[in-house]
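Participant:
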Amino acid sequence: VQVARLSGMRDLEIIARELLPNLLPYLAASFVSAVGAAVLASIGLEALGLGPQNEPTLGMTIYWALYYTSLLRGMWWWWAPPIAMIVLIFLGLFLVSMGLDRIANPRIWKVSS
Numbered sequence: 239v240q241v242a243r244l245s246g247m248r249d250l251e252i253i254a255r256e257l258l259p260n261l262l263p264y265l266a267a268s269f270v271s272a273v274g275a276a277v278l279a280s281i282g283l284e285a286l287g288l289g290p291q292n293e294p295t296l297g298m299t300i301y302w303a304l305y306y307t308s309l310l311r312g313m314w315w316w317w318a319p320p321i322a323m324i325v326l327i328f329l330g331l332f333l334v335s336m337g338l339d340r341i342a343n344p345r346i347w348k349v350s351s
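Take the sequence shown: its position 42, counting from 1, is numbered 280 in the numbering used here, and each next residue is one higher.
(1) How would you call Gly-297, buried or exposed, if buried means at least 16 neighbouring beta carbons within 10 angstroms?
(2) Checking 8 Å against the spacing of the C-beta atoms, do Val-270 and Leu-338 come in under that value?
(3) With DSSP run on the structure shown, which of helix, strand or coil describes Gly-289?
(4) Looking only at its chain, what residues have a beta carbon closer than 7 Å to the beta carbon of Trp-317, apart from the 5 residues adjacent to it on each side?
(5) Assuming Ala-266 contacts Ile-252 (C-beta within less than 8 Å), just tell me the rounded distance between them.
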């Protein structure tokens, strides 16, 4: 940054050329984590029955499966597909986060031989 200032670059140019390329992997990883937390909060509230009950969502499907005791009745098709979809969503978000972490911190992921 000091060299860029000495070379006569303006503040916005320094931000765009020097800081943003180094911050983007961290910002993207933070965004992926925030999306995962928002999805988990939404599904959790809906599974407790605190969401809109007239919209078919994963959380409401789990809520109705619990409400009608499908687990005790052996009706696995009510609760297994929504839970499998939630697992797949979070697995995908985790893999994206790990990929962004490898981009942001390449020294941590180097294999020493």
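A virtual CB, placed ideally from N, CA and C, is assigned to each residue, including glycine. Computed from a predicted structure; not experimentally measured.
Facilitator: Judging by the given coordinates:
(1) Gly-297 counts as buried, since at least 16 other C-beta atoms from the protein chains shown sit within 10 angstroms of its C-beta.
(2) Yes, Cβ-Cβ distance for Val-270 and Leu-338 is below 8 Å.
(3) In the displayed model, Gly-289 falls within coil according to three-state DSSP, outside both helix and strand.
(4) Ile-300, Ala-303, Ser-308 and Leu-309.
(5) Wrong, their Cβ atoms sit about 21 Å apart, outside the cutoff.
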